[in-house]
């Protein structure tokens, strides 16, 4: 993998290191019970009462154990790490992932932060974690990198701060939806600087879900908050590498259409869990807004068309709030890949880099799960390299590899069913699988100028096939285009078997179509398949039959339920590639999805394009087979 040298160097410098001779035992993805050795928060000097914060905020008290500095809207010496976290008279909220404070202090000994914690989690899970940094180094809590606080009033104590002037940073590493915190005060033996650390030249805004929060970056999801660390997630790593300020408006489990409050409200309000009345003012505009949404929307069955509409609506809001100079980067692929092509198309339609729109499609995390620490580092290197190149003016927009329908073709066969009175006259024939004893013949006929196919009961392996096209017409061709108008009355499985030189085989049930590349259309429930009347979005699904039947559940949404009930144009482009055979699907002329089969492209005089439909009733019209010019 090629890496941008500057970003790599900055990332290396940004990795927390321990002060003195202690090594920072940052968790490495193992069971969190050993990774997080936590110490219950204690009051300074063992006292049981939180420091009194009455009196004038800027006139700190001086108790026996040090000076108490109130943290609130009058604390001009404190930098809020996330500009969304507006200070109040009651304190400085730290709600969003990677939010916190930074300030310069001169003193020595223990430094104690007083805070309150609110959470909606169940018993035993009512808390969150912070990390502390002193002069850029991770400041350990005994042998742990983490400071755990529980629901209610709590404290965090940095023990034995060496004498001198230090830059202190306290960062909440637990996600927004799990806990909200309010920093009340900091007490220690010393003084604070008159002014806050300066804002950095860039503000990076990340909008997303649990991926941005670093959910699952450590541990195996055994705790509500013990397996995540925002400082190990790609947004924080990139910001540190670029020397930028960071805002992470990320809501675990939520999306553009999913969750409460959901991404739209989460972006609109400074902290929606606190108030759905206090809008974020965007006083400081983001230089980059990186949007990584859609994982939870797809898991809940949102069609590509609906996702595209909501995404464009959200992008318009981001543009309005941050202004014309904000660079907007769409990110996809980390857990789900089904909207990747939509992200590319939206970026292109909005004008691409010329209009300050960019796209980064990541390699999917192993198993489609939450990314690991190593995967977050890889994303940070690659996406960070893109942002760095944009900032330096060296970014080159990659070639758009989105498949497109050919504009010039030679038609080798077509059928509009106007002159044919029977399927046989139209060249449509039925084949019975040799290994199956069939009881009920599959009913199909030419009716009202179209091929009408009645519903046929489920049978695995399929007992009947319809040969739509004698592919011998394409013998020797390296690319071809199959098009048809389709109308579904009922839908479970509609499949087209393509470009194989032995379309129907008498081998075993798990390999009953040797060498076949199959593209299917099905109803999507988010976790399974639907059947009957079309009430759900319809999606693309691919099946690879060599060496053994494998279902590639791409599930790229084609049309929403209402559109799927009407006639639509289905186009399938089959291309020879070095890897084998690439199949791309288009609906009404618009690209939907593609998949590359390992089977070598091999159209011979024995080939055929056949249809397989079970528990499905449909009509087909205006069949056309072409070879691109």
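Numbering (the numbering used here), first residue to last: 32 to 660. The beta-carbon is built from N, C-alpha and C at its ideal position, and this holds for glycine as well. Since the model is a prediction, treat every value here as computed from it, not as a measurement.
Item: Given a cut-off of 8 angstroms, decide if residue 185 and residue 277 are closer than it, judged by their beta-carbon atoms.; Value: no
Item: When you compare the CB positions of residue 497 and residue 554, do they come within less than 8 angstroms of one another, or not?; Value: no
Item: When the Cα atoms are used, what is the spatial distance from residue 659 to residue 437?; Value: 6 angstroms
Item: Which residue wins for smallest C-alpha separation from residue 520, given the options 598, 488, 443, 501?; Value: 598
Item: Measure the C-alpha to C-alpha separation of residue 401 and residue 657 and round it to an integer number of angstroms.; Value: 43 angstroms
Item: Enumerate, from N- to C-terminal direction, the unbroken alpha helix (DSSP H) stretches of 4 or more residues contained entirely within the segment 166 to 193.; Value: none
Item: Once you ignore the five residues that flank residue 396 on each side, which residues in its own chain have a CB closer than 8 angstroms to its CB?; Value: 365, 366, 402, 403, 406
Item: So, do the segment 300 to 307 and the segment 214 to 222 have three or more beta carbon pairs nearer to each other than 8 angstroms?; Value: no
Item: With the cut-off set at 8 angstroms, would you say residue 499 and residue 324 are in Cβ contact?; Value: no
Item: What's the call for residue 655, buried or exposed, on a 16-neighbour Cβ count within 10 Å?; Value: buried
Item: Would you tell me roughly how many angstroms separate the C-alpha atoms of residue 515 and residue 390, rounded to the nearest one?; Value: 32 angstroms
Item: Along the alpha helix (DSSP H) that carries residue 357, what are the first and last residues, could you check?; Value: Counting along the chain, residue 357 falls outside any alpha helix (DSSP H), and DSSP gives it neither H nor E.
Item: Compute the Euclidean distance between the alpha carbons of residue 225 and residue 204, then round it to the nearest angstrom.; Value: 27 angstroms
Item: Between which two residues does the alpha helix (DSSP H) carrying residue 328 extend?; Value: 326 to 330
Item: At which residues does the alpha helix (DSSP H) containing residue 248 begin and terminate?; Value: Where residue 248 is concerned, there is no enclosing alpha helix (DSSP H), given that its DSSP letter is neither H nor E.
Item: Pull up the DSSP beta-bridge partners for residue 307, would you.; Value: In the DSSP output, where bridge partners are listed per residue, residue 307 has none listed.
Item: How about residue 191 and residue 140: do their beta carbons lie closer than 8 angstroms?; Value: yes
Item: Measure the beta-carbon distance from residue 647 to residue 522 and round it to whole angstroms, keeping in mind my assumption that it falls under 8 angstroms.; Value: 5 angstroms
Item: Thinking just about the alpha-carbon of each residue, which of 257, 313, 256 is nearest to the one in residue 280?; Value: 313
Item: Quick check on DSSP: helix, strand or coil for residue 652?; Value: strand
Item: Helix, strand or coil: how does DSSP classify residue 142 here?; Value: strand
Item: Alpha carbon to alpha carbon, how far is residue 458 from residue 345? Give it in angstroms, no decimals.; Value: 49 angstroms
Item: Select from 388, 160, 359, 122 the residue whose C-alpha is nearest the C-alpha of residue 175.; Value: 160
Item: Are three or more beta carbon pairs between the segment 104 to 115 and the segment 164 to 178 nearer than 8 angstroms?; Value: no
Item: Leaving out the 5 sequence neighbours to the left and right, which residues in its chain are closer than 8 angstroms to residue 440 when beta-carbon positions are compared?; Value: 512, 657, 658, 659, 660
Item: DSSP on residue 647, reduced to helix/strand/coil?; Value: coil
Item: Let's see if you can read the secondary structure: which residues bound the beta strand (DSSP E) around residue 221?; Value: 211 to 223
Item: Going by alpha carbons, who is nearest to residue 643 out of 486, 421, 241, 433?; Value: 486
Item: Looking only at DSSP bridge pairs, what is residue 501 linked to?; Value: For residue 501, which the question treats as bridged, DSSP gives no partner whatsoever.
Item: Tell me, which residues are paired with residue 561 by DSSP?; Value: 554
Item: Nearest CA to the CA of residue 433: which residue from 378, 412, 282?; Value: 378
Item: Check whether the Cβ atoms of residue 269 and residue 414 lie closer than 8 angstroms to each other.; Value: yes
Item: Who are the Cβ neighbours of residue 650 in its own chain at under 6 angstroms, not counting the five residues just before and after it?; Value: 481, 483, 518
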